[in-house]
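Numbering (full-length UniProt numbering), first residue to last: 1 to 864.
Quick reminder that beta carbons are idealized off the backbone N, C-alpha and C, glycines included.
A short worksheet on the structure shown next.
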Amino acid sequence: MPISSEVNLADVFFNEEDLPYEEEILRNAYSVKHWMRYVEHKRNAPKFVINTVFERALKELPGSYKLWYNYLKTLRRQVKGKCVTDPEYEEVNNAFERALVFMHKMPRIWMDYCSFMTGQCRITRTRQVFDRALRALPITQHQRIWPLYLQFLGKFDIPETAVRVWRRYLKLCPEDAEEYVEFLTGIGHLDEAAQQLASIVDNENFVSKHGKSNHQLWNELCELISKNPDKVHSLNVDAIIRGGLRRYTDQLGHLWNSLADYYVRSGLFDRARDIYEEAIQTVTTVRDFSQVFDAYAQFEELSLSKVMEEMAKNPTPTEADEIDVELLMARFEYLMERRLLLLNSVLLRQNPHNVAEWHKRVELYEGKPHEIINTYTEAVHTVQPKLAVGKLYTLWVEFAKFYEKNKQLDDARIVFEKAVQVDYLKVDELASVWCEWAEMEIRAENFDNALKIMQRATAMPKRKVAYHDDTETVQMRVYKSLKLWSMYADLEESFGTFQTCKQVYDRIIDLKICTPQIIINYGLFLEEHNYFEEAFKAYEKGISLFKWPNVYDIWNTYLTKFLKRYGGQKLERARDLFEQCLDGCPPELAKNLYLLYAKLEEDHGLARHAMAVYERATTAVKEDEAFAMFNLYIKKAAEIYGIPRTRQIYEKAIEVLPEAQSRQMCSLFAEMETKLGEIDRARAIYAHCSQMCDPRITADFWQTWKEFEIRHGNEDTMREMLRIKRSIQATYNTQINMMSATLINSAVTGAGGTEPRDAMRALEAKAAETSARAIAAVGASGGNIMFVRGETQGGSKKEDKVVNPDEIDIDDDEDDEDDEEAEGEEGAEEEDVSKKMPVEKQAIPSKLFGSLRREEEDDDEDGE
Numbered sequence: 001m002p003i004s005s006e007v008n009l010a011d012v013f014f015n016e017e018d019l020p021y022e023e024e025i026l027r028n029a030y031s032v033k034h035w036m037r038y039v040e041h042k043r044n045a046p047k048f049v050i051n052t053v054f055e056r057a058l059k060e061l062p063g064s065y066k067l068w069y070n071y072l073k074t075l076r077r078q079v080k081g082k083c084v085t086d087p088e089y090e091e092v093n094n095a096f097e098r099a100l101v102f103m104h105k106m107p108r109i110w111m112d113y114c115s116f117m118t119g120q121c122r123i124t125r126t127r128q129v130f131d132r133a134l135r136a137l138p139i140t141q142h143q144r145i146w147p148l149y150l151q152f153l154g155k156f157d158i159p160e161t162a163v164r165v166w167r168r169y170l171k172l173c174p175e176d177a178e179e180y181v182e183f184l185t186g187i188g189h190l191d192e193a194a195q196q197l198a199s200i201v202d203n204e205n206f207v208s209k210h211g212k213s214n215h216q217l218w219n220e221l222c223e224l225i226s227k228n229p230d231k232v233h234s235l236n237v238d239a240i241i242r243g244g245l246r247r248y249t250d251q252l253g254h255l256w257n258s259l260a261d262y263y264v265r266s267g268l269f270d271r272a273r274d275i276y277e278e279a280i281q282t283v284t285t286v287r288d289f290s291q292v293f294d295a296y297a298q299f300e301e302l303s304l305s306k307v308m309e310e311m312a313k314n315p316t317p318t319e320a321d322e323i324d325v326e327l328l329m330a331r332f333e334y335l336m337e338r339r340l341l342l343l344n345s346v347l348l349r350q351n352p353h354n355v356a357e358w359h360k361r362v363e364l365y366e367g368k369p370h371e372i373i374n375t376y377t378e379a380v381h382t383v384q385p386k387l388a389v390g391k392l393y394t395l396w397v398e399f400a401k402f403y404e405k406n407k408q409l410d411d412a413r414i415v416f417e418k419a420v421q422v423d424y425l426k427v428d429e430l431a432s433v434w435c436e437w438a439e440m441e442i443r444a445e446n447f448d449n450a451l452k453i454m455q456r457a458t459a460m461p462k463r464k465v466a467y468h469d470d471t472e473t474v475q476m477r478v479y480k481s482l483k484l485w486s487m488y489a490d491l492e493e494s495f496g497t498f499q500t501c502k503q504v505y506d507r508i509i510d511l512k513i514c515t516p517q518i519i520i521n522y523g524l525f526l527e528e529h530n531y532f533e534e535a536f537k538a539y540e541k542g543i544s545l546f547k548w549p550n551v552y553d554i555w556n557t558y559l560t561k562f563l564k565r566y567g568g569q570k571l572e573r574a575r576d577l578f579e580q581c582l583d584g585c586p587p588e589l590a591k592n593l594y595l596l597y598a599k600l601e602e603d604h605g606l607a608r609h610a611m612a613v614y615e616r617a618t619t620a621v622k623e624d625e626a627f628a629m630f631n632l633y634i635k636k637a638a639e640i641y642g643i644p645r646t647r648q649i650y651e652k653a654i655e656v657l658p659e660a661q662s663r664q665m666c667s668l669f670a671e672m673e674t675k676l677g678e679i680d681r682a683r684a685i686y687a688h689c690s691q692m693c694d695p696r697i698t699a700d701f702w703q704t705w706k707e708f709e710i711r712h713g714n715e716d717t718m719r720e721m722l723r724i725k726r727s728i729q730a731t732y733n734t735q736i737n738m739m740s741a742t743l744i745n746s747a748v749t750g751a752g753g754t755e756p757r758d759a760m761r762a763l764e765a766k767a768a769e770t771s772a773r774a775i776a777a778v779g780a781s782g783g784n785i786m787f788v789r790g791e792t793q794g795g796s797k798k799e800d801k802v803v804n805p806d807e808i809d810i811d812d813d814e815d816d817e818d819d820e821e822a823e824g825e826e827g828a829e830e831e832d833v834s835k836k837m838p839v840e841k842q843a844i845p846s847k848l849f850g851s852l853r854r855e856e857e858d859d860d861e862d863g864e
């Protein structure tokens, strides 16, 4: 019977195609490869057939991971899509359990089993499977199980189980504490979330996976515990937030607001108000102050609106309700009034040595004298001179002026007395205090007290100290302060005597702290009292103390006053002063001094001395002032000596001045010669100037010369001008020069030869051939050489011959003899003509000879 049943079972499950696989199995019953090949052959067979093959294989090879993995995978695929209550699910679970008997160290089997159990929604059994997996696998494989475990916890609402599992997980992975906090917050376990977050921020080695800083985690903790005071019981909120305040001193605003918000939500409004007050009195940055103040103002406003809403609901409000409303309104108004003062306190907490902020604080207390006095007192005791930002002495001065405005001069003097004893960093600050003290006495019309104060300030110390020695106190060095002495001198001029004022100025000069302006003021003071020589001596003392260019103002004032005083009475002394002044005078300051010197010589000296001064000035002034000085020199020379004397000045100017100014000077020179009728001179000047006039740039010059030739020249002179213009143009034109060089090189290169000949020899040969042809032509015509002159304005002869201007004259000696003979004959003819014809004299303009000539004529007339 069993045999027949086995045969029937074989007939049911197997067919002829399976025979080869069965034979292989019989031969290799322990080969996984043959069993897997058999399974692959049966993949399209009914599920009980393929499951039977797997069971047979696992019976032979129960420790094969490959067989168990594929078998379990096949079983899960078979139950996919069926209801979780189907009995086949339990069969798959049993298969997993049987597999884990042999595969309990394989994490993939456990992972698949856990995932499969999670889908069946059997919470307790699934949890047990996860726990068995964690116990069975080594700890190095746990990171493969825990993500599935946490996913399972998040899929179902099992908070207590989830919390316990998360605690176990954090022992292995404490870096995932942030996820645990988020999970606890999500399920409403805020107390434990706050504890966990507190442990995170206390751990200095914790690194957030989300890139959050420790300060951000602190802010999250504070926000969590402040917004949920009724759910967080196990933490001391006040201590935690104050710990954050001690740790993060640069960003306190949010933490203070969180602490106050905690008490507000707890219903402790007075405690919250105390926290806000403490915050605005301790924060040190404007940003933190703005955050706290805005939250404080919003809290007061909401409190007031809430009470008013309740009063509106109550038709008959009681007296206590009205008092509460008035109290809240007063608190809110008082807070808003104090905003600027509180902000100023924040800035002073940042830097208590900021002088400008102390002044602003005084302005905020305007109308409150007691507060102002307290503020000034606190300021002068708080600000240290070495750390002060701004001018410390202004606090003392304004403090004294406050008493002065209130007619309390004695108190103001006490303040100044203390102010002059402060060890300032700079001498100028102490000097300013002394000056302000003296000005206060002047305003009070106590002029004697003002002078006594300045005497105290400028008193010599017991021992001599250097003004710039920082190791000495400013009180020891202030006696050399120019500000003090200047004011002292002004006070002596106004309220002192002549002798005391003179002593002050002399003392300033002796201390060598004077400036050119002090010297000038001293001279003017002496001049006002008719001590002219004393004033001149003061100027000379100043000149000995200063160098150029600082001494210019003193020299200018000295010379002006001296000339005004004496004029030409002390001419030699004035000349010595000018020579001493001009010795070493820089060019940029020399012009006015030379003009003043020349004016002296014109008015009281000699004309030739004045001309010499002008001539020196043309070389002593700056380059850009030389042209104007030459024009002035020419004008003065024409007025004194006459126009002909200006020729040499023009020539020197053309030689000395830069090119552009030389062209202008040439034009003026030529215009002057033209007015005098010297046409040839003017033409020569134009020809000389043309050498520095590029026709492409200075078209105006060539147009001027052209107009000159049209008015005064002839055809030859115009042609000569054009020839010069072409020559100059060729000189400046680089392209034409290059072309000329190319043509010359091509001309001297032999046509038949390959080597070029010498260019100079070629030109000499060409000149020789030209001369030979000219001589031959002369011999053929009879041997007489005729020299043809250019055309003149009087016309030309018909028989004149035109010769080549480039022709070489080889009979120089004979021509010279002929010219001498011709000149002799012409001279004899002129003598004969002069004997026969009377010579008439033409009147010459008087300005041609200048003012000197007119004086000589006047003298002649007086003699006659």
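Distance, residue j Cα to residue i Cα
i	j	result
ALA419	GLY267	53 Å
GLU534	GLY523	8 Å
ARG463	HIS359	38 Å
ASN406	VAL397	14 Å
ARG339	HIS233	36 Å
ASP694	ILE728	7 Å
ALA626	ALA637	16 Å
GLU17	ARG27	17 Å
PRO586	GLU639	29 Å
LEU425	GLN384	10 Å
GLY605	PHE669	29 Å
ASP806	ARG681	At ASP806, the pLDDT of 41 sits below 50, so the modelled position is not reliable and the matter cannot be decided from this model.
HIS189	LEU224	11 Å
ASN15	LYS105	39 Å
LEU348	ASN354	7 Å
Helix, strand or coil at residue i according to DSSP, with G and I counted as helix
i	result
ASN354	strand
VAL389	strand
PRO229	coil
CYS173	coil
SER481	coil
ARG339	helix
GLU16	helix
MET36	helix
TRP434	helix
residue 900	Coverage of the chain is limited to positions 1 through 864, which leaves residue 900 absent and any answer about it impossible.
LYS47	helix
THR497	coil
CYS121	coil
THR126	helix
Buried versus exposed call for residue i [16 or more other C-beta atoms within 10 Å across all chains shown]
i	result
VAL12	Note that VAL12 scores 44 on pLDDT, short of 50, meaning its location in the model is unreliable; the coordinates nonetheless yield the value given after this. With fewer than 16 Cβ atoms within 10 Å of its Cβ, VAL12 is classed as exposed.
ILE710	exposed
LYS591	buried
GLU291	Here residue 291 is Gln; the residue named in the question, Glu, does not match the sequence. By the 10 Å Cβ count, GLN291 comes out buried.
TYR505	buried
LYS537	exposed
GLU484	According to the sequence as given, residue 484 is Leu; it is not Glu. With 16 or more Cβ atoms within 10 Å of its Cβ, LEU484 is classed as buried.
GLU825	In this prediction, GLU825 scores a pLDDT of 41, lower than 50, which makes its location untrustworthy; no coordinate-derived value is stated.
Beta-carbon proximity check, residue i vs residue j, cutoff 8 Å
i	j	result
PHE399	TYR376	yes
GLN128	VAL84	no
ARG663	THR698	yes
TYR614	TYR633	yes
Assess, as a yes-or-no matter, whether the region 542 to 551 is touched by the region 561 to 569 under the definition of 3 or more beta carbon pairs within less than 8 Å. Result no; under three Cβ-Cβ pairs closer than 8 Å.
Three-pair Cβ contact test at 8 Å for the region 300 to 319 versus the region 241 to 258: Contact annotation: the region 300 to 319 does not touch the region 241 to 258, with fewer than three C-beta pairs closer than 8 Å.
Using 8 Å as the threshold, is the region 464 to 474 in touch with the region 437 to 454, meaning 3 or more CB pairs across them? Taking 8 Å as the limit for Cβ pairs, the verdict is that the region 437 to 454 does not touch the region 464 to 474.
For the region 76 to 93 against the region 30 to 39, do three or more pairs of beta-carbon atoms, one drawn from each stretch, fall closer than 8 Å, so that the two count as touching? No, the region 76 to 93 does not touch the region 30 to 39.
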